[in-house]
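Visitor: After the structure tokens below, expect a handful of questions from me.
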Amino acid sequence: MANRTAAAADGDSDEQTPATPQYFLMVPNYPPTPSRAARRYTLTGFILPPGRSMVAVKEHVLENVSNFRDVGKTVNSFLGKKLVSAFIQLVKLYMYVADTVTSLRVVREGLVYRAGPDFISLEPLHLLMKLAIASDNASPEDMRYLADNIGIRTVIDLRTNTELARQAAKRLKQRLVNPSMPETAHIPGIQYHEIKVTGRNFERHIASLLTWWQFMKFIFLYIFKYHNEAIHTVAENVLVPRGLLGIGRDKLDHSGAEIAEALTLYTSPQTTPVLVHCTQGKDRTGLICCLILMILDIPMSAIEYDYLLTDDGLAREREQLIKEVQSVGLTEAWAYTDRGMMEGLKNHLDDRYGGLDAYLNSIGFDESKRALVRNTLLV
């Protein structure tokens, strides 16, 4: 059987071909190999060789919002399995690929978005209180694109009360210089949900990891407004030793209610498309996206790929970000993703809770809610 593709990549040939609908089919190249993972697929002109599934996904570049992407598009392209739902049954007719296609989970694109900050206007503040964040920095053009082109209905803001308060103060200063600036950065017609993934329970846990002397030192420094020194105490004695993965585990263990609240916003077509962001669009945002994709039964390799794209998404802010993390006692590693983060979170769910489903049940996000997520986000 000859290889088939439903559409060829632009520029692959000088020959003029009639315009055709842009359908996407995945058909394996022959001869097949014994290993399913080793099969090569042709997808809209891209050849995905064994062991190398990464496909570049072109996104609209927002003017003032870094690390912005459509998670569904990223995952589908990485796995090389973007299929138009109308053709799924047709592809299943080919017995050679039936065993592969029937197990595919195709995420609806244009429903799950993530974003990070822009550091161009960042004040020289410490990392845990910096507030040049995602939608707060969106230019008028960015706002129009988010609302009109993408049709964002919900924004999940994962920042703490401290972060939000400092952002409000910063925006007030900016309005004194530029009175035409809107009083709020909120985009009309979009519902905003402030969900503190690192809320009170998480903060209490982090504080409990300090020795008595370290805790008293932190309180003393903070009361007398030596905020940067206070943060140094926590960073050097808790955050750095635990690492990004350790802090990620702590969020799972001590922020269950907040995580469940965020996940609920992905259960209905009435709230999607959803844009989720935090301070960097990296770890808190990455945690929520990871859980959503795990609920959809997306392979961990694809989940990890989406998370690691943040390093490229924050590339233009890298130098400033490194300065920020080092200024509060964190190491340079905190300016990047942790390559073992996604797999480490999955292992923690398995080891401590007995798996994803058991964990989600324990925080009140039961199977009926997970089914709603799948119905909303899967093709």
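Each residue of the sequence shown is one higher than the one before, counting from 0 in numbering that gives the first Met the number 0. No residue lacks a Cβ here, since even glycine has one placed at the ideal position from N, Cα and C.
Can you look up Leu-274 in the DSSP assignment and give me helix, strand or coil?
Guide: DSSP places Leu-274 in strand when its eight states are reduced to three.
Visitor: Using a Cβ-Cβ cutoff of less than 6 Å, which residues in the same chain neighbour Ala-261 once the five nearest sequence positions on both sides are dropped?
Guide: Excluding positions up to five away in sequence, the list reads Ile-155, Ile-194 and Ile-287.
Visitor: Extract the residue ranges of the alpha helix (DSSP H) inside the segment 290 to 328, only unbroken runs of 4 or more that lie entirely within it.
Guide: Runs found: 299 to 312 and 317 to 326.
Visitor: Cβ atoms of Val-275 and Arg-158: under 7 Å apart, would you say?
Guide: No.
Visitor: Take every Cβ of the segment 298 to 306, pair it with every Cβ of the segment 322 to 330, and state whether three or more of those distances are shorter than 8 Å.
Guide: Flag = no, the segment 298 to 306 and the segment 322 to 330 do not touch.
Visitor: Since Val-106 contacts Leu-307 with CB under 8 Å, what's their CB separation in whole angstroms?
Guide: Incorrect: roughly 18 Å between the Cβ atoms, too far for contact.
Visitor: Ordered along the chain, which non-local residues of its own chain (more than five positions away) have a Cβ less than 6 Å from that of Thr-153?
Guide: Only Gln-190, Leu-264, Thr-270 and Val-273 meet the Cβ criterion.
Visitor: Taking only beta-carbon atoms, is Lys-322 less than 7 Å away from chain C?
Guide: Among the chains of the structure shown, chain C does not appear; only one protein chain is present.
Visitor: So, under 8 Å CB-CB, Asn-148 and Gly-280 are touching, yes? Tell me the CB distance rounded to an integer number of Å.
Guide: Actually they do not touch by this definition, with Cβ atoms about 20 Å apart.
Visitor: Can you grab the Cα-Cα spacing for the pair Tyr-221 / Asn-374, in whole Å?
Guide: When rounded, the distance between both Cα atoms is 47 Å.
Visitor: Just reading off the alpha helix (DSSP H) that Val-154 is part of, what are its end residues?
Guide: Segment 153 to 156 is the beta strand (DSSP E) holding Val-154; no alpha helix (DSSP H) there.
Visitor: So what does DSSP say about Glu-193, is it helix, strand or coil?
Guide: Here Glu-193 sits in strand by DSSP.
Visitor: Check Val-105 in the structure and name its three-state DSSP category.
Guide: If DSSP states are grouped into helix, strand and coil, Val-105 belongs with coil.
Visitor: Mapping DSSP to helix, strand and coil, what is Val-378?
Guide: Three-state result, Val-378: coil.
Visitor: Quick one: is Ser-367 buried, meaning 16 or more other Cβ sit within 10 Å of its Cβ, or exposed?
Guide: When all chains shown are included, Ser-367 counts as exposed.
Visitor: In whole angstroms, what is the alpha-carbon distance linking Gly-71 and Leu-110?
Guide: Between Gly-71 and Leu-110, the C-alpha separation is close to 7 Å.
Visitor: What number of angstroms, rounded off, separates the C-alpha of Gly-379 from the C-alpha of Ile-302?
Guide: The first residue shown for the chain is 0 and the last is 378, placing residue 379 beyond what the model contains.
Visitor: Return the chain-ordered list of same chain residues with a C-beta closer than 6 Å to the C-beta of His-347, the five sequence neighbours on each side being excluded.
Guide: Cβ within range, chain order: Arg-248.
Visitor: Taking a contact to mean a Cβ-Cβ separation below 7 Å, would you say Thr-309 touches Thr-266 in this structure?
Guide: No, the pair does not count as a contact, with Cβ atoms beyond the cut-off.
Visitor: Could you check which residue in Glu-257, Gly-188, Gln-213 and Val-239 has the C-alpha nearest to that of Val-196?
Guide: The candidate whose alpha carbon is nearest that of Val-196 is Glu-257.
Visitor: Quick one: measure Cβ to Cβ for Ile-205 and Val-233, integer angstroms, because I've assumed they're closer than 8 Å.
Guide: With a Cβ gap of about 7 Å, Ile-205 and Val-233 count as contacting.
Visitor: Do Gln-213 and Asn-227 have their C-beta atoms within less than 7 Å of each other?
Guide: Contact flag unset, no.
Visitor: Do you know how far the Cα of Glu-316 is from the Cα of Ile-119?
Guide: The pLDDT assigned to Ile-119 is 27, lower than 50, so where the model puts this residue is not dependable, and the model offers no usable value.
Visitor: Since Ile-294 contacts Arg-351 with CB under 8 Å, what's their CB separation in whole angstroms?
Guide: Contact doesn't hold; Cβ gap of about 18 Å is too wide.
Visitor: Just grab the DSSP bridge partners of Asp-69 for me.
Guide: DSSP lists Tyr-112 as partners of Asp-69.
Visitor: By the DSSP assignment, the alpha helix (DSSP H) with Gly-198 in it spans what residues?
Guide: Element bounds for Gly-198: n/a, residue is neither H nor E.
Visitor: Nearest by alpha-carbon distance to Ala-357: which of Gly-198, Phe-223, Leu-251 and Thr-278 is it?
Guide: When each option's Cα is compared against that of Ala-357, the closest is Leu-251.
Visitor: Based on Cα-Cα distance, which residue from Phe-77, Asp-365 and Ser-361 lies nearest to Ser-254?
Guide: Looking at the Cα atoms, Ser-361 is the closest of the given residues.
Visitor: Is the CB-CB distance between Cys-289 and Arg-283 below 7 Å?
Guide: In this structure, Arg-283 does not lie closer than 7 Å to Cys-289 by Cβ.
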